[in-house]
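A quick write-up on the structure given underneath.
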Amino acid sequence: MLILARVSSYKYSFDTCAIFLVFKSIIFDHTTLIPMMGIGSVNFFNIHFSVAYLLLSPLYFVGPSLLIFIWKLISYGGFIIIVSYLIKNDKQSSASNWERNLFLVLVCLHPTFITNLISPDIWDSDLILPFLALSILYTSFNRYYLGIFWIFLTFFIKEDMMLLGIMYGLFIAIKSKEVKYLIFSLFSLAMFLIVTNILMPLSSTSESGLELLNFSYGNLGESMGEIIINSVLHPTLLFENGFWIRKFASIFIIFACFGFLPFLKKRSIIYLIPGIAVIGYTIIAAQPYLDYSKHYMLAFFPFVVWSAYETFITIHEDSRSRVAFLAIILSISIVIIFQLNMRSWSYYFTPIKNIDTLESISANLIPKDASVLTGGIASPWVCYNRNCFVSADFQPKEIELIKYKYILINLSTVFWEVQSCNDYTLLSNLKALNQNSNYEVKYNNNDIILLMRTTPGISSFQPKWSENLENYQYVSQGCVKNNIMNIFKKL
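Mapping of the sequence shown onto the numbering used here: position 270 corresponds to residue 275, and the numbering continues sequentially without gaps.
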């Protein structure tokens, strides 16, 4: 019901639309190119090596709503079902059914789980959850080869899962006391280097190599090999990447909301080993990727669950319920506090009031083969079966570079797209767009603006639709409100 209510709001944004566009390219154009505003087409495999999309692309035909529902249900529902099966069939545990169910509630209410479930997008990282859960399930029953098999399948979902494979081989070697499992570690390392140094750069459309590395790890090297070496030999370079308060706070939250159970028993710490490399890969990035509420934590989350559970079943029975209840209260408190002081997650359950108008305009006023630029929220529905581009800030120079035939803006949601913590940049760009004589207003009603490109030099009456933009709600995706920012500045 939670997933259904979330999908019904239509408030999915950039990454969801990108997945639809790459699925469309695979099916109709036999490529993995996706259109990005201002820079033409980008090969998705140069961003993430998600080979699984080649198999998943037929889901494009079910439409945005059903695809998102299936994606989230399989990812998060599948994860909980498998974890539930593992916990309830653990014959070595003395925990009662009540205590096992209480732990499951703790998992479901954990901020990392619940906020990613209702996040503004679907992610490739969502899909790894049931695979990691299956790997943990079989490894718990000492069926190591099957555990490795499910980890191996995640390599085709996202390239950083190969880092997880490196540490997973080491973990099984320690757990089983058999060195042979280190072969999987070496295999994972080889695959990671081949994919990130050869295959992904080959898919670049700009001949700039792996753009993700330049964007996130530029000061550490120009290749994945250099980044790994410099991270080990010159760790001081890591401090230049910043966002440390946010990164450490996210790590604190993921453990605190399990009552720090992984650290209460020495034997439980070993279960964190598989996730060390993949979480480290995110920590060293020169971007604020690591966030308890973002999908970059999802690869680490199942192993924190596993480690916490191993402690939970071994501590004294009088302490189990107490620790679980305290952790649940902390989880709920963190979600509420950050909801009040950052982005209100409840926003995502409030349906877009003018979605019917938005879809009607897209279907009836914009020709199927015309290029259209739109904002992120609801873009999966607007862009379905269209030559579509998505923008966060509608930059004037980029608009004139591409010369989109149509521009569709939903003013009621556009200020929820800001990613640079600067609402006034978007405000200025929209006002400049209103004054652009190359576009005329084709529709202006119900908070929706449709612009059509006209012949240069032909002037037409331009309604001042940008005059009251200050009245729309300003909330930035990656930003926190001033009261929280002031606290962070003092630390």
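Glycine included, each C-beta is placed from N, C-alpha and C at the ideal position.
Annotation note: the segment 110–179 contains the following uninterrupted alpha helix (DSSP H) runs of length 4 or greater, listed N- to C-terminal: 116–122, 129–145, 149–159. In the three-state reduction of the DSSP assignment, VAL419 falls in the helix class, which pools H, G and I. Secondary-structure assignment with DSSP links VAL377 through a beta bridge to CYS393, TYR411. For TYR448, there is no enclosing alpha helix (DSSP H); the enclosing beta strand (DSSP E) has its first and last residue at 444–450. Look at ILE52 here: in three-state DSSP terms it is coil, with no helix or strand label. Contact annotation, PHE54 with GLU183: C-beta distance approximately 30 Å; criterion of less than 8 Å not satisfied.
By the Cβ neighbour-count rule, LEU238 is exposed, with fewer than 16 other Cβ atoms within 10 Å of its own.
GLY230 counts as exposed, since fewer than 16 other C-beta atoms from the protein chains shown sit within 10 angstroms of its C-beta. Between the segment 60–75 and the segment 360–378, the count of C-beta pairs closer than 8 Å stays below three; the two stretches do not touch. DSSP places LEU303 in the coil class of the three-state scheme, outside both helix and strand. DSSP places LEU455 inside the beta strand (DSSP E), whose first and last residues are 453–458.
Counting C-beta pairs closer than 8 Å gives fewer than three between the segment 411–419 and the segment 313–327, which falls short of the contact rule.
Around the Cβ of HIS35, a 10 Å sphere holds fewer than 16 other Cβ atoms; the residue is exposed.
With a cutoff of 8 Å on beta-carbon distance, PRO385 and PRO125 are scored as not near each other.
Under DSSP, the beta-bridge partners assigned to ILE39 are VAL47. The closest CA to that of LEU474, considering only TYR90, ARG458, ASP452, is found on ASP452. For the pair ALA332 and CYS262, the CB atoms are nearer than the 8 Å cut-off. Non-local beta-carbon contacts of VAL340 in its own chain, meaning distances under 6 Å to residues more than five positions away in sequence, involve PRO116 in chain order.
The three-state reading of DSSP puts ASN441 in coil, since its state is none of H, G, I, E or B.
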